[in-house]
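Since the structure comes first, as structure tokens, the remarks are kept for the end.
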Amino acid sequence: MKRLIRVLAILCAMAFCFCALAEDATNGDTLYQVALLQSLVQGYYDGIVTVEELSRHGDTGIGTFEGVNGEMIVLDGTVYQAVADGSIAIPSEEETVPFSNVTFFDVDETRALSGVADMAALQEAMNGVVNELGANCFYMVKLEGTFDAIKVRSEYKQEKPYRALDVALAEDQTEFDYEDVRGTVVGLYCPDYMGGLNTPGWHFHFINEDRTRGGHVLQISIKEAEAAFDMTDGFEMALSRDAAFQEMELAKNVDEAIHKAETATMEADSDAPDVNDSFWISEITDDIFERIQGKSFKDDCTLPREDLRYLHVLHVDLNGETHEGEMIVNYHIAEDVLDILRQLYEANYPIEKIRLVDEYGADDELSMEDNNSSAFNFRFISHTTRVSKHGLGLAVDINTLYNPYTKIVDGERIVEPITGEPYLDREADFPYKIDHEDLCFKLFAEHGFEWGGDWEDRKDYQHFEIPTALIDEWYPSNQ
Ligand SMILES: [Zn+2]
Ligand SMILES: [Zn+2]
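One point on numbering: in this note's numbering, the residue at position 63 of the sequence shown is 1027, and numbering is uninterrupted.
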């Protein structure tokens, strides 16, 4: 039941009405960024520009202050500081800033939102608009309205020597829950390619209507809000000449630390979101369809879109870190696959990545080389008009790099992915290996799937599929 409510809430959230195209989206404007999120996350908390300087580059935005002394919200030209007790201060103009993004806000697009159940639903709704307008620009967003519930955090000012941000927050983060509150959320969207300089996707800060409470948004449920989007096609960055800044290794991958710093709450076991809220099935909504059209859902796709389902899941990697996953499968097996992935998650079974193959341009080889687990990718069986099992969404591949496909053709060994060759030795010990003792094998077998590792003429250790006899019943014209 919970899952159904969740799906309905998302459908509601996406049913926003188109309001107005208030201003020409081609108005050039610039996102001004102080330093990198990467430098902040690694513990560079020294101010680089003053509040006064920052204000010259924008009237709307988010950020923090020297020593991560609270969360910054810039709104209508005023810089607000949500300090550790959750209250709002107005910083002096000489206060300095180690990280921030601001722009001069002009409204390019507005949408009405209602019944947005949670953060994931909000991001999905926001992404829908961004994908429509163009996902490779920046967006500053203002969401003004009434929030059923909102959880924000701030933090105590840090003293030198500074610790990394996730470590500092684990100790010094403070959290506040507000219910039925009016106010404004300022959000920043960065495109995918910004991974080295900021964080791709969304980052939200909140301030209430009378400007007395606020912070970095951890959880949200929107009753009603108007979302105004400022599409931003310029970028400017201010860096520090300071020796300590120059010595930082800024290309180091700190994605995990960023994720933790931005989303972790103080509650015990907070890294693990509510399992039932996180495993759900939806139809292929327009937003999802946009992501797969012309990629896994090829132009000649003969499988009706209505036969596919989108799965949202959690999975843990080898380090025990939880990640969100997405998979598209046939509706006949949606409940089964969701159940299998939920049981694997609850058993801490490591799956490195569960992403749509569309993120790899629907290129199986690239997806497999990245050890990605996925299912639907439309194609005909070579030289036939029959659709393959992956093309029907009736086969699932798990931990693909470590469980390659192999066959001897004309005396030559084919391996897919090509980088999976070291894992052809199934007697060897290595992570993610699927065999008959493996929980993943057992769960798929229990749910009626066949395993490609049991085939004689070829081996496909990553692959679980519905038996042909059953598929012939479901799709009699595909024989
Ligand atoms: Zn923040
Ligand atoms: Zn497969």
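Ideal placement from N, C-alpha and C gives every residue a C-beta, glycine not left out.
Around the beta-carbon of K1106, 16 or more other beta-carbon atoms lie within 10 Å, marking it buried. In the assembly as shown, P1440 is an exposed residue. Its beta-carbon has fewer than 16 other beta-carbons within 10 Å. Around the beta carbon of K1115, a 10 Å sphere encloses 16 or more other beta carbons of the protein chains shown; the residue is thus reported as buried.
Listed as beta-bridge partners of S1051 by DSSP are R1177. Check the Cα spacing between I1252 and each of A1046, L1018, A1085 and G1079: the tightest is with A1085. If you draw a straight line from the Cα of T1148 to the Cα of E1035, it comes to about 14 Å. Within 7 Å of the C-beta of I1345 there is not a single heavy atom belonging to ligand 1.
If the five residues before and after M1201 are omitted, its C-beta is found closer than 6 Å to the C-beta atoms of Q997, all from its own chain and listed in chain order. Residue pairing from DSSP places Q1183 in a beta bridge opposite K1115. Classified as buried, V1015 has 16 or more neighbouring CB atoms from the shown chains inside 10 Å of its CB. The three-state secondary structure of N1095, taken from DSSP, is helix.
Here the C-alpha atom of I1372 lies approximately 19 Å from the C-alpha atom of H1347. Ligand 1 approaches E1035 closely enough that one of its heavy atoms is under 7 Å from the residue's Cβ.
For H1411, the distance from the CB to the nearest heavy atom of ligand 2 is not below 7 Å.
Three or more pairs of CB atoms, one per stretch, sit closer than 8 Å, so the segment 1351–1364 contacts the segment 1391–1406. In the displayed model, K1121 falls within coil according to three-state DSSP, outside both helix and strand.
Scanning its chain for C-beta atoms nearer than 7 Å, with the 5 sequence neighbours on each side dropped, one finds around L1388 the residues P1368, T1370 and V1379, in chain order. Within the chosen limit of 7 Å, ligand 1 reaches the beta carbon of I1026 through at least one heavy atom. At the C-beta level, Q1122 and A1132 come within 8 Å of one another. Membership of S1064 in the beta strand (DSSP E) is indicated by the continuous run F1063 to T1067.
Taken in chain order, the complete beta strand (DSSP E) segments of 3 residues or longer contained in the segment 1227–1305 are 1244–1247, 1272–1280 and 1286–1294. R1175 and Y1044 do touch by the CB rule: their CB atoms are close to 7 Å apart, below 8 Å. The three-state reading of DSSP puts Q1210 in helix, counting H, G and I together. The closest heavy atom of ligand 1 lies 7 Å or more from the beta carbon of H1223. In this structure I1256 does not touch G1289 by the C-beta definition: roughly 16 Å separates them, more than the 8 Å allowed.
8 Å or more divides the Cβ of E1316 from the Cβ of A1189. Judged by DSSP in its simplified three-state form, L1086 adopts helix.
In this structure, ligand 1 has no non-hydrogen atom nearer than 7 Å to the beta-carbon of H1287.
Judged by their CB atoms, M1195 and L1267 are not nearer to each other than the 8 Å cut-off. Ligand 1 has no heavy atom closer than 7 Å to the beta-carbon of H1276. Leaving aside the five residues that flank V1145 on each side, the residues in its chain whose CB is nearer than 6 Å to its CB run, in chain order, F1111 and N1172. Taking the C-beta atoms as reference points, T1067 is found no nearer than 8 Å to T1138. In this structure, the CA atom of P1155 is about 43 Å from the CA atom of Q1443.
Looking at the DSSP output, T1060 shares a beta bridge with T1014. Contact annotation: the segment 1290–1304 touches the segment 1317–1332, with at least three C-beta pairs closer than 8 Å. L1358 counts as buried, since at least 16 other C-beta atoms from the protein chains shown sit within 10 angstroms of its C-beta.
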